[in-house]
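Report on the following structure.
Protein chains: 2
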Amino acid sequence: MKRISLAHGEGGELTERLITEVFVKAFGNEAHAAYDAAVLESAGSTLAITTDSFVVKPLFFPGGNIGTLAVTGTINDLAVSGAVPLAMTAGFILEEGFPLSDLKAIVSAMASEAEKAGVAIVAGDTKVVAKGEADGVFINTAGIGQVYGGNGGKIREGDKVIVSGTVGDHGIAILSARNELGLLSDVKSDCASLHPMLSNITYGLSGVRIMRDPTRGGLATALVEICEHHRVTVELEEGAVPLKREVEGACDILGFDPLYLANEGKALFVADEKDAEQILERLHREEKGKDARIIGRVTEAVSAGRLLMRTAAGSTRRLHRLSGLILPRIC
Amino acid sequence: MKRISLAHGEGGELTERLITEVFVKAFGNEAHAAYDAAVLESAGSTLAITTDSFVVKPLFFPGGNIGTLAVTGTINDLAVSGAVPLAMTAGFILEEGFPLSDLKAIVSAMASEAEKAGVAIVAGDTKVVAKGEADGVFINTAGIGQVYGGNGGKIREGDKVIVSGTVGDHGIAILSARNELGLLSDVKSDCASLHPMLSNITYGLSGVRIMRDPTRGGLATALVEICEHHRVTVELEEGAVPLKREVEGACDILGFDPLYLANEGKALFVADEKDAEQILERLHREEKGKDARIIGRVTEAVSAGRLLMRTAAGSTRRLHRLSGLILPRIC
Numbered sequence: 001m002k003r004i005s006l007a008h009g010e011g012g013e014l015t016e017r018l019i020t021e022v023f024v025k026a027f028g029n030e031a032h033a034a035y036d037a038a039v040l041e042s043a044g045s046t047l048a049i050t051t052d053s054f055v056v057k058p059l060f061f062p063g064g065n066i067g068t069l070a071v072t073g074t075i076n077d078l079a080v081s082g083a084v085p086l087a088m089t090a091g092f093i094l095e096e097g098f099p100l101s102d103l104k105a106i107v108s109a110m111a112s113e114a115e116k117a118g119v120a121i122v123a124g125d126t127k128v129v130a131k132g133e134a135d136g137v138f139i140n141t142a143g144i145g146q147v148y149g150g151n152g153g154k155i156r157e158g159d160k161v162i163v164s165g166t167v168g169d170h171g172i173a174i175l176s177a178r179n180e181l182g183l184l185s186d187v188k189s190d191c192a193s194l195h196p197m198l199s200n201i202t203y204g205l206s207g208v209r210i211m212r213d214p215t216r217g218g219l220a221t222a223l224v225e226i227c228e229h230h231r232v233t234v235e236l237e238e239g240a241v242p243l244k245r246e247v248e249g250a251c252d253i254l255g256f257d258p259l260y261l262a263n264e265g266k267a268l269f270v271a272d273e274k275d276a277e278q279i280l281e282r283l284h285r286e287e288k289g290k291d292a293r294i295i296g297r298v299t300e301a302v303s304a305g306r307l308l309m310r311t312a313a314g315s316t317r318r319l320h321r322l323s324g325l326i327l328p329r330i331c
Numbered sequence: 001m002k003r004i005s006l007a008h009g010e011g012g013e014l015t016e017r018l019i020t021e022v023f024v025k026a027f028g029n030e031a032h033a034a035y036d037a038a039v040l041e042s043a044g045s046t047l048a049i050t051t052d053s054f055v056v057k058p059l060f061f062p063g064g065n066i067g068t069l070a071v072t073g074t075i076n077d078l079a080v081s082g083a084v085p086l087a088m089t090a091g092f093i094l095e096e097g098f099p100l101s102d103l104k105a106i107v108s109a110m111a112s113e114a115e116k117a118g119v120a121i122v123a124g125d126t127k128v129v130a131k132g133e134a135d136g137v138f139i140n141t142a143g144i145g146q147v148y149g150g151n152g153g154k155i156r157e158g159d160k161v162i163v164s165g166t167v168g169d170h171g172i173a174i175l176s177a178r179n180e181l182g183l184l185s186d187v188k189s190d191c192a193s194l195h196p197m198l199s200n201i202t203y204g205l206s207g208v209r210i211m212r213d214p215t216r217g218g219l220a221t222a223l224v225e226i227c228e229h230h231r232v233t234v235e236l237e238e239g240a241v242p243l244k245r246e247v248e249g250a251c252d253i254l255g256f257d258p259l260y261l262a263n264e265g266k267a268l269f270v271a272d273e274k275d276a277e278q279i280l281e282r283l284h285r286e287e288k289g290k291d292a293r294i295i296g297r298v299t300e301a302v303s304a305g306r307l308l309m310r311t312a313a314g315s316t317r318r319l320h321r322l323s324g325l326i327l328p329r330i331c
């Protein structure tokens, strides 16, 4: 590879290669690794730090806009890292000619999402480039949080995998808003803040191994990353993953696998069996968790790191990271 | 104003209006105000938080590249806030087709600047947009630091204003690299990290009222902001502001006022008379501070907030924020 391609931004295999070969090599750490936030010790307290850029197209879509996404995306990266968000920053790159009314609508959505989650946007920056040098507005946010989450221990055989709701909603909502589907769909993006829900859900539980938010690359890519990083095998049950009927329909027609479509308000948990039941029960009491399900389990705690799908017929097939499905500017 | 114009990104009067009318109104604080970093109390320690986006054109220029600028810019915002940088994040928006070798050169400059200042880049993000939807690469960085700086007290009459070196170098270097000057110049950008220099310079001093780094909008805009915010009058001495001969020459030919050109490695101090002498002496021992000078003083500690320039002939004229000088993508 000599030039950046759209696939480098998909959150799948090529993104991973770019991260490993360029960023990790230069910055000497896992700064750009797929995990959601970095953890830092400072003056006796543990901070989580995260950043994300948002280039979603179109800027406004069913269920939110780029501003909603920028704030909830950053809050969620902190929330799944077991942190209470303390503060956020927001940087705007604006294209000359961008309508001020659109900017106000975006900023107002940001303020409202930040307020709902009790997070202050404390620092910002604005740059303007000439017409044709950017596409409307790009937003970058960074967030810091205070880590409260205890260490849930090493992943073990028999641990369960839970997802907090239906998958693929955001991906289908964006594609449909772009009229790229060739069909009308009324699926809304699931973009929503997972804070304070996640701290409530996991309160008092000691067997929560890991939380993630499966955004770009979808549920499957997030799980493959977990499997490879922790060197475990996870087996998903075919048919167990919750799907909206419209998302399933759109995927059937278009040949997409919903496991690889982006989510913007879902959490993925790996927890011991006892806590998994607790998490599920607590999720079901929340509007955002009402469709939560146990979707699989850890079958080998020492392995090369594999994600498997067990079919209804009892056979298994291996799932890999997202590769080759080019859906640019999904977030 | 109904649409964003290039002048909204200049760091002058229109930027200030955009901040006040859109961001401050929505986020309910001074998040986007011109000051360099926000300060946050967390678990008994005081943190400084800052963010900046970088869209400089061209990406490579004499003295550095967009990566150098991104890292030093964020470090400097923390350093002038009296903080020791703890960690940074970096988000990349890449245009499809961008040469990987350029990306590697940029990232390597970032790693090297971060290492020199002892700051880790702990979290990152990469997005890719289609050809024509961005211009090469845009970088956003955020930084957090631990505030060590004591409160230097209220600005008083007789306090001195110091600049750590020549002004306008970055502005002229960028314009010259763009071939927009119609002349060849070998001025290099001054982009450089001010950490740990600033903490050494101010060590043990109790009369340092304020530090700033005069970037977009230049020295004059930074000083007008200080004057208005603290409601003081500052009088600069004409001819006291240090200038490289080539910068002065380019400004004379082109009709630019160097006081409004961007700097990327300079600090501005307001300090009591005694500490001002100390600061100057310590700066002169540093390579980056060898051209430091006292350039003016506070003449009224209670005023409407005005920046004045005293001419050699003894008359004074008022300086305002940058307005109307459109030099887009200077940082």
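Sequence order for the protein chains is A and B.
Numbering of the first sequence is given in the UniProt record's numbering, commencing with residue 1 and proceeding in unit increments.
Numbering of the second sequence is given in the UniProt record's numbering, commencing with residue 1 and proceeding in unit increments.
Glycine included, each C-beta is placed from N, C-alpha and C at the ideal position.
Predicted model, so just to flag it, every value in this text is computed and none were measured.
Q.
Between residue 123(A) and residue 105(B), how many whole angstroms is the CB-CB distance? I'm expecting something under 8 Å.
A. Residue mapping note: residue 123(A) aligns to position 123 of the first sequence, counting from 1. Residue mapping note: residue 105(B) aligns to position 105 of the second sequence, counting from 1. That pair is no contact at about 29 Å.
Q. Are the C-beta atoms of residue 144(A) and some chain B residue less than 8 Å apart?
A. Numbered from its first residue, the first sequence carries residue 144(A) at position 144. Chain B, which has a Cβ nearer than 8 Å to the Cβ of residue 144(A), makes this yes.
Q) From what residue to what residue does the alpha helix (DSSP H) around residue 172(A) run? A) In the first sequence, the residue the question calls residue 172(A) occupies position 172. Start and end: 169 to 177.
Q. Counting along the chain, where does the alpha helix (DSSP H) carrying residue 273(B) start and finish?
A. Working through the second sequence from its first residue, we reach residue 273(B) at position 273. Unbroken alpha helix (DSSP H) run through residue 273(B): 273 to 284.
Q: Could I get the ranges of all uninterrupted beta strand (DSSP E) runs contained in the stretch 91 to 134 of chain B, with 3 residues as the minimum, in chain order?
A: Given a length threshold of 3 residues, each whole run of the beta strand (DSSP E) inside the stretch 91 to 134 of chain B is given here in chain order: 120 to 129.
Q. Would you call residue 34(B) buried or exposed, if buried means 16 or more other Cβ atoms sit within 10 Å of its Cβ?
A. For the purposes of this step, residue 34(B) is identified with residue 34 of the second sequence, where counting begins at 1. Any reading at residue 34(B) must be qualified, since the residue scores a pLDDT of 42, below 50, and its modelled position is unreliable; no value is offered.
Q) The beta strand (DSSP E) spanning residue 296(B) covers which residue range? A) The count along the second sequence starts at 1 and reaches residue 296(B) at position 296. Secondary structure note for residue 296(B): its beta strand (DSSP E) is the uninterrupted segment 293 to 300.
Q) Helix, strand or coil for residue 313(A) per DSSP? A) Along the first sequence, read from residue 1 onward, the residue named residue 313(A) stands at position 313. Correct three-state label for residue 313(A): coil.
Q) At least one CB of chain A closer than 8 Å to the CB of residue 79(B): is that the case? A) One-based indexing of the second sequence puts residue 79(B) at position 79. Judged by the 8 Å Cβ criterion, residue 79(B) is not in contact with chain A.
Q) Quick one, which residues of the stretch 150 to 176 of chain A are near chain B if we go by CB-CB under 7 Å, in chain order? A) Within the stretch 150 to 176 of chain A, no residue qualifies.
Q) Are the stretch 249 to 257 of chain B and the stretch 196 to 215 of chain B in contact at 8 Å, needing three or more beta carbon pairs? A) Short answer: they don't touch.
Q: Count the other CB atoms, across all protein chains shown, that sit within 10 Å of the CB of residue 189(A); report buried if there are 16 or more and exposed otherwise.
A: For this step, residue 189(A) is matched to residue 189 along the first sequence. Residue 189(A) should be labelled buried.
(Q) How far does the beta strand (DSSP E) with residue 51(A) in it extend, from its first residue to its last? (A) For the purposes of this step, residue 51(A) is taken as the residue at position 51 of the first sequence. For residue 51(A), the uninterrupted beta strand (DSSP E) segment begins and ends at 45 to 54.
(Q) Can you confirm whether residue 179(A), when its beta carbon is compared against all beta carbons of chain B, has any partner nearer than 8 Å? (A) The count along the first sequence starts at 1 and reaches residue 179(A) at position 179. Residue 179(A) does not count as touching chain B.
Q. What residues from chain B crowd round residue 93(A), counting only those whose CB sits closer than 7 Å?
A. The count along the first sequence starts at 1 and reaches residue 93(A) at position 93. Ordered by position in chain B, the residues that pass the 7 Å Cβ test against residue 93(A) are 53, 55 and 138.
**Q.** Cut-off 6 Å between Cβ atoms - residues of its own chain near residue 13(A), not counting five sequence neighbours on either side
**A.** As a working mapping, residue 13(A) is identified with position 13 in the first sequence. 321 and 323, listed in sequence order.
**Q.** chain A contact for residue 329(B) (CB, 8 Å cutoff)
**A.** For the purposes of this step, residue 329(B) is identified with residue 329 of the second sequence, where counting begins at 1. Chain A, which has a Cβ nearer than 8 Å to the Cβ of residue 329(B), makes this yes.
Q) With distances taken between CB atoms, is the gap from residue 194(A) to residue 296(A) smaller than 8 Å? A) Residue numbering aside, residue 194(A) sits at position 194 when the first sequence is read from its first letter. Residue numbering aside, residue 296(A) sits at position 296 when the first sequence is read from its first letter. For residue 194(A) and residue 296(A), no; Cβs fall outside 8 Å.
Q.
Taking a contact to mean a Cβ-Cβ separation below 8 Å, would you say residue 204(B) touches residue 153(B) in this structure?
A. The sequence position of residue 204(B) within the second sequence is 204, counting from 1. The sequence position of residue 153(B) within the second sequence is 153, counting from 1. 8 Å or more divides the Cβ of residue 204(B) from the Cβ of residue 153(B).
Q.
So with CB distances below 8 Å, who are the chain A contacts of residue 60(B)?
A. Indexing the second sequence from 1 puts residue 60(B) at position 60. Those within 8 Å of residue 60(B) in chain A number zero; the least Cβ separation is about 17 Å.
(Q) Check whether the stretch 217 to 236 of chain B and the stretch 283 to 292 of chain B are in contact - that is, three or more C-beta pairs closer than 8 Å. (A) Cβ pair count under 8 Å is below three, so no.
Q.
Distance check for residue 92(A) and residue 93(B), CA to CA, integer angstroms please.
A. Taking the second sequence and counting its residues from 1, the one referred to as residue 93(B) is at position 93. Taking the first sequence and counting its residues from 1, the one referred to as residue 92(A) is at position 92. The alpha-carbon of residue 93(B) is positioned some 12 Å away from that of residue 92(A).
Q.
If you measure between the beta carbons of residue 16(B) and residue 4(A), is that distance less than 8 Å?
A. Within the second sequence, the letter at position 16 stands for residue 16(B). Within the first sequence, the letter at position 4 stands for residue 4(A). Cβ atoms of residue 16(B) and residue 4(A): not closer than 8 Å.
Q.
Taking the straight line between their C-alpha atoms, what separation do you get for residue 72(B) and residue 25(B)?
A. Position 72 of the second sequence holds residue 72(B). Position 25 of the second sequence holds residue 25(B). Using only the alpha carbons, I get a separation of about 30 Å.
(Q) Check whether chain A comes within 8 Å of residue 100(B), counting only Cβ atoms and requiring the distance to be less than that. (A) Counting from one through the second sequence, the residue named residue 100(B) turns up at place 100. With respect to chain A, the C-beta atom of residue 100(B) has a partner C-beta closer than 8 Å.
Q: Report the rounded CA-to-CA distance for residue 55(A) versus residue 61(A), giving the unit in angstroms.
A: For the purposes of this step, residue 55(A) is taken as residue 55 along the first sequence, with counting starting at 1. For the purposes of this step, residue 61(A) is taken as residue 61 along the first sequence, with counting starting at 1. For residue 55(A) and residue 61(A), the distance between alpha carbons rounds to 13 Å.
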